Amino acid sequence: MLALRDIRKSFGAVVAVDGLSFEVGAGEVFGLLGPNGAGKSTAIAIATGLLTPDSGSVDLLGLGSPSSPAVRMHLGLAPQEITLYDDLTARENLTFFARLYGVRDIAARVDELLTLVELSERAKDRVSTFSGGMKRRLNLAAALVHDPQLLLLDEPTAGVDPQSRNRILELVRGLAASGKSIVYTTHYMEEAAKICDRVGIVDRGRMLEVGSVAELLARHGKDTDLETVFLTLTGRSLRE
């Protein structure tokens, strides 16, 4: 579904991504994990076609680079920053994004998504009145509005309550079960261990290890956990 091969990207003298490679299969949740400044955001921007790598290749669905608008139609992005309009209602937000993507039968699709993220009863309320968890769920719905095959979810549970976090995780697993491929970034290691089929740990633009959580734990000792593996690979020093 998605393949990044030997991606390199620099900004002046700063190397953001240095030979990064990973693949995500159909119906797989792939956790892209790393400390601040590890290169995750740059990798996601390249995977969505928003940034062009200095070298290497990106392929989505065997169609080529997502820098092509026709290819990019097959992916959806829910960025860490909420991309909703506070002065619009939940329904108006989804309707706006659906029109941008040329979705057919917009009203039916919006109703379907509001039901999926359990916001039907707040459909006519302005987003400015929503809690953080409600905004996160609507942000996810906006990424799904055109029914993409690949989802890139950047910290989709940041700043939400336990109930919203649990619902978002259920939604992600359900989407993967339906065949969608998902790239999932999070700083919550227990969350990654729970939801991801495989994880890749990135630091300083390089892939340090990749595999299922069980495989990573087996390599580092059966009495460890994912957070310990993460800290062992990336270090315990604070990052800016």
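Quick note on the numbering used here: the sequence shown kicks off at 846 and runs consecutively. Backbone N, C-alpha and C define an ideal beta-carbon position, used for all residues, glycine too. Quick caveat, the model's predicted, so the values are computed rather than measured.
Straight-line Cα distance separating residue j from residue i
i	j	result
Arg967	Asp950	21 Å
Pro914	Phe942	16 Å
Ala1022	Ile927	25 Å
Leu1053	Arg944	41 Å
Leu849	Val962	30 Å
Arg917	Asp1068	42 Å
Thr974	Asp851	44 Å
Ile1013	Leu922	15 Å
Gly894	His919	12 Å
Ser969	Gly1004	One detail in the question is off: residue 969 reads as Lys in this sequence, not Ser. So the two alpha carbons sit approximately 24 Å from each other.
Val955	Gly1066	47 Å
Arg1043	Ser1057	4 Å
Cys1041	Ala883	19 Å
Glu1015	Ser902	32 Å
Residue i in three-state terms, based on DSSP
i	result
Ser973	helix
Ile927	coil
Ala952	helix
Val916	helix
Gly921	strand
Gly978	helix
Ala890	helix
Ser965	helix
Leu908	coil
Thr1079	helix
Asp895	A quick correction: the sequence has Leu, not Asp, at residue 895. Here Leu895 sits in coil by DSSP.
Residues that DSSP places opposite residue i in a beta bridge
i	result
Arg936	In the DSSP output, where bridge partners are listed per residue, Arg936 has none listed.
Lys885	DSSP output for Lys885 lists no bridge partner at all.
Leu849	Phe867, Val903
Phe856	Val859
Leu877	Gly1045
Residue burial classification, residue i (beta-carbon count within 10 angstroms, cutoff 16)
i	result
Phe875	buried
Phe1075	buried
Pro1007	exposed
Asn938	buried
Ala1059	exposed
Glu1035	exposed
Query raised in the report: Whole alpha helix (DSSP H) runs in the region 988-1073 with 4 or more residues, listed along the chain?
Result: 1007-1022, 1034-1040, 1058-1065
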